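This report concerns only the one structure given below.
Chains as they are written, first to last, in our numbering: chain S, 153 to 419; chain P, 30 to 339.
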């Protein structure tokens, strides 16, 4: 590996004084945090508390008003283009009627990497694509146990199966950082167990997992650390400490307090 | 001019290839194609059908039908102004079409007006401006062609423009196949993978505008949106693969354009209308008889499912 010696010690995600708004509504206020590489972080907070917005800044769907956010020491845009960030979205906004098979859906996760293939490979049909792409896709499909359904159209899958395909697409990127937005929402118990086991394997392989979740027992069981966020960082630390009743109570009142502060500033 | 000669040569070659296919048709159908203008009309019809069919998949999957309608109406003032200034009509058409689609995007992004209202607002305003300008022009026969299309009256210049638009569309979709596919399927993922979604979005809209402008003289402003919706919608009913959908959609576009041309000659009816009616007929067949998503197949499955076990 020809990486700089400091590369291992860089934080996976680092934010300093980050502010962002969505439709003129503040969603992130003075967020500063640092997530280490190779660990599993669960992001917990109320709805509208800025969890997804933080991921939005990383994937580029939301531009910060102030402050900065670095991924492995670089801007998110640079790391997106380098293929260092794999993202699994919530599935509500997907177009499930799209004419595409499960396998081809997972293959779209490789499209970022394919930009770096030589031109002649990119102009030929998939059959002549770099075999590494196909191997990554088959591995990812096997990881989430979807090989048998790989030729089905995605519209024909159940909710849990769709989530597994979305996870497989993120895994196929083989990126060092996995961003997951509520990977367990609307998932049946067998798929849930399979998704968590897959993520455990990814963590053991040295990947950084950053997961927005409402599933507190899951976070207690799997996460190395929990980030409590409600527009601003309420707390960060070990799951037992962060998911205690007193911390969760503080998380719930944080929003009303910031609203009060705003009113004071406005007055 | 070497470019001119190249273009003429290309048109000659394509026409010759098409005439070989026409030679396979029965005598009564093939006879009209001995005329030069019929050969030109045939080549134009094939190119328009194929290009519209290609773009149609993106229009249907991105829910851009109204946007296609908006752009096609918005080219009218451009055509009228170009006519007044003595410019080639497609220059004006392309400019006002592109400006309108940018205006729609701006209204959508910077005000609380939703996209369908923004489209309805912009394209009717542009179309009204076109109507007002045309009403002041005394000889408006050529402009009527733009409204309703007449593939039989296509001149060499328009054919060249159509050929150019087809080449641009095919090349763009080939070179940018994966970004376009991913953007159409899941724009958020395209963004997360570091693709420039803004460039893809406006690139696709410009391609759509170019296709519309190139189809104007064949099917006309009012009906061009049918060629941008019906082939893709038909293909969507028949397959669950994007590549196959593109192929079926192109086939539907070409078959409708050619069959519509032949019908319009045989029955002496308006060519634009005939082309769109054939496309609509193909859609109806797919809707009824499609193997997986067709109505007959669906009711058959339901009937079998509900049948009491014997």
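C-beta atoms are modelled at their ideal positions from N, C-alpha and C, and glycine is treated no differently. Only a predicted model underlies this, so the values are computations on that prediction, with no experimental measurement involved.
Assigned with DSSP and collapsed to three states, residue 93 (chain P) falls in coil, not helix or strand. When DSSP assignments are scanned along the segment 166–211 of chain S, the uninterrupted stretches of beta strand (DSSP E) that are 3 or more residues long and fall wholly within it turn out to be 177–187, 192–196.
When the alpha-carbon of residue 263 (chain P) is set against those of P:323, P:233, P:291, P:67, the nearest one is in P:323. According to DSSP, residue 333 (chain S) shares a beta bridge with S:364.
Residue 236 (chain S) counts as buried, since no fewer than 16 other beta carbons sit within 10 angstroms of its beta carbon. Look at residue 49 (chain P): its C-beta is not under 8 Å from any C-beta on chain S. The beta carbon of residue 241 (chain S) falls within 8 Å of a beta carbon belonging to chain P, placing the residue at that interface. Non-local beta-carbon contacts of residue 162 (chain S) in its own chain, meaning distances under 6 Å to residues more than five positions away in sequence, involve 224, 225 in chain order. Per DSSP, residue 231 (chain S) is one residue of the alpha helix (DSSP H) stretching across 228–233. According to the DSSP assignment, residue 239 (chain S) belongs to the beta strand (DSSP E) that extends over 237–240. Between residue 271 (chain P) and residue 252 (chain S), the C-beta gap is smaller than 8 Å, which places the two residues in contact.
Taking a C-beta cut-off of 8 Å against chain S, the contacting residues of the segment 251–283 of chain P are 265, 268, 269, 270, 271, 273, 274, listed in chain order. Rounded to the nearest angstrom, the Cβ distance from residue 245 (chain P) to residue 104 (chain P) is 7 Å, consistent with a contact under 8 Å.
From the beta-carbon of residue 204 (chain S), no residue of chain P is found nearer than 8 Å; the closest lies around 11 Å away. Residue 253 (chain S) is bridged by DSSP to S:305. If you check the CB distance, residue 388 (chain S) and residue 318 (chain S) do not come in under 8 Å.
Counting along the chain, residue 381 (chain S) sits inside the beta strand (DSSP E) bounded by residues 377–382. Within the segment 193–248 of chain P, the complete alpha helix (DSSP H) segments of 4 residues or longer fall at 206–214, 216–221, listed in chain order. Annotation: residue 279 (chain S) is outside any beta strand (DSSP E) and is labelled neither H nor E by DSSP. Cα atoms of residue 356 (chain S) and residue 181 (chain S): separation of roughly 33 Å, rounded to the nearest angstrom. For the set S:174, S:242, S:200, S:279, the Cα lying nearest the Cα of residue 316 (chain S) is the one of S:242. Annotation for residue 218 (chain S): no alpha helix (DSSP H) segment contains it, though the beta strand (DSSP E) segment containing it runs 218–223.
Residue 184 (chain S) places its beta carbon less than 8 Å from that of residue 385 (chain S). Residue 405 (chain S) is not bridged by DSSP to any residue. Around the Cβ of residue 329 (chain P), a 10 Å sphere holds fewer than 16 other Cβ atoms; the residue is exposed. By alpha-carbon distance to residue 97 (chain P), the top candidate from P:235, P:188, P:279, P:265 is P:235. The beta carbon of residue 333 (chain S) is closer than 7 Å to those of 204, 207, 240, 241, 242, 364 in its chain, skipping five residues each way along the sequence. Between residue 289 (chain S) and residue 324 (chain S), the C-beta gap is smaller than 8 Å, which places the two residues in contact. Nearest neighbour of residue 281 (chain S) by Cα position, chosen from S:293, S:291, S:263, S:298, turns out to be S:263. Against residue 245 (chain S), the close residues of chain P are 217, in the order they occur along the chain (beta-carbon pairs closer than 8 Å). At a cut-off of 8 Å between beta-carbon atoms, residue 295 (chain P) makes no contact with chain S.
A check of alpha carbon separations from residue 309 (chain S) across S:271, S:286, S:192, S:343 identifies S:343 as the nearest. Exclusion of the five residues before and after residue 132 (chain P) leaves 151 as the residues of its chain whose Cβ lies within less than 6 Å of its Cβ. Rounded to whole angstroms, the separation of the alpha carbons of residue 62 (chain P) and residue 291 (chain P) is 10 Å. Taking CB atoms only, residue 233 (chain S) has a neighbour in chain P less than 8 Å away. For residue 240 (chain P), same chain residues with a beta-carbon under 7 Å away, outside a window of 5 residues either side, are 80, 81, 84, 194, 198 in chain order.
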